[in-house]
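**Q**
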Amino acid sequence: NEKRDTVVSLSFDSTGKYLAAGRSNGEVLIFELHYHYAQHEQASKKPENESLLSSFFAVATNTANSKSTTSSSTNDPPQYQRTFDKANSADPVKCSYATPISNPTLTCLAIDPSYSRRREKSHIVGFHDGRILHTKQGFFGRFTNSSIYNGSDPIETIDWRGNLVVWADQTGMKLYDRS
Numbered sequence: 339n340e341k342r343d344t345v346v347s348l349s350f351d352s353t354g355k356y357l358a359a360g361r362s363n364g365e366v367l368i369f370e371l372h373y374h375y376a377q378h379e380q381a382s383k384k385p386e387n388e389s390l391l392s393s394f395f396a397v398a399t400n401t402a403n404s405k406s407t408t409s410s411s412t413n414d415p416p417q418y419q420r421t422f423d424k425a426n427s428a429d430p431v432k433c434s435y436a437t438p439i440s441n442p443t444l445t446c447l448a449i450d451p452s453y454s455r456r457r458e459k460s461h462i463v464g465f466h467d468g469r470i471l472h473t474k475q476g477f478f479g480r481f482t483n484s485s486i487y488n489g490s491d492p493i494e495t496i497d498w499r500g501n502l503v504v505w506a507d508q509t510g511m512k513l514y515d516r517s
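Under my numbering, the first residue of the sequence shown is numbered 339, with each subsequent residue one higher.
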């Protein structure tokens with residue numbers, strides 16, 4: 339028995355300040371993440387091959403990567419690390435695509451890379467029925483949807499960089515230029 343509200347997709351804006359989570363039941367939640375800078379007595383140095391995303395999740399889940407921690411000498415200046423404090427879970431932006439008539443299965447999403455800088459907030463979602471919707475949230479919080487694509491195969495993944503949106507389904511990759 340499949341749980342209908344599982345998280346199926348995550349997307350950050352380009353600043354890492356906003357995180358969008360898409361649930362299979364057609365609900366999108368957008369969290370504003372808060373960080374703080376903390377001085378650590380045991381300084382750690384990140385290896386060059388460790389990605390920003392993996393270090394973020396290590397900090398967010400309070401797990402340390404044993405390869406990335408090295409002791410520093412007493413002559414080194416103290417290091418400050420950007421650590422995850424909390425998600426503003428009390429008041430995330432919520433957008434639901436479920437209606438009394440249909441309950442679409444959301445498969446993937448991409449948040450606007452410039453989400454934190456734009457007045458009109460937007461994200462793009464893909465569904466199991468082959469639709470892709472571009473959703474904009476206006477100044478007063480009202481959502482408007484516009485269809486980008488109507489296919490017959492499930493949308494497997496979406497990515498958004500600048501004005502370009504790319505997605506894939508079973509027939510191949512498609513590219514959409516928003517400019």
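By construction, the Cβ of each residue, glycine as well, lies at the ideal position given by its N, Cα and C atoms. Here the structure is a predicted model, which means the values were calculated and not measured.
Rounded to the nearest angstrom, what separates Asp467 and Pro492 at their Cα positions?
**A** Their backbone Cα atoms lie some 5 Å apart in a straight line.
**Q** Answer yes or no: do Pro430 and Ile486 have a C-beta to C-beta separation smaller than 7 Å?
**A** Against a cut-off of 7 Å, the Cβ pair of Ile486 and Pro430 comes out as no contact.
**Q** Assuming Pro451 and Asp351 make a contact with CB atoms under 8 Å, what is their CB distance in whole Å?
**A** So it is a contact: roughly 6 Å between Cβ atoms.
**Q** Taking all protein chains shown into account, decide if Lys432 is buried (16 or more other Cβ within 10 angstroms of its Cβ) or exposed.
**A** Its Cβ having fewer than 16 others within 10 Å, Lys432 is exposed.
**Q** Tell me the rounded alpha-carbon separation between Ser490 and Arg469.
**A** Rounded to the nearest angstrom, the two C-alpha atoms are 8 Å apart.
**Q** Tell me which residues share the same chain as Glu299 and place their Cβ nearer than 8 Å to its Cβ, disregarding the 5 neighbours each side in the sequence.
**A** Any answer about residue 299 is impossible in this case: the structure gives the chain only from 339 up to 517.
**Q** What's the call for Asp515, buried or exposed, on a 16-neighbour Cβ count within 10 Å?
**A** Classification of Asp515: exposed, given that the 10 Å Cβ count is below 16.
**Q** Quick one, are the C-beta atoms of Ile449 and Ala358 less than 7 Å apart?
**A** Taking 7 Å as the Cβ cut-off, Ile449 and Ala358 qualify as a contacting pair.
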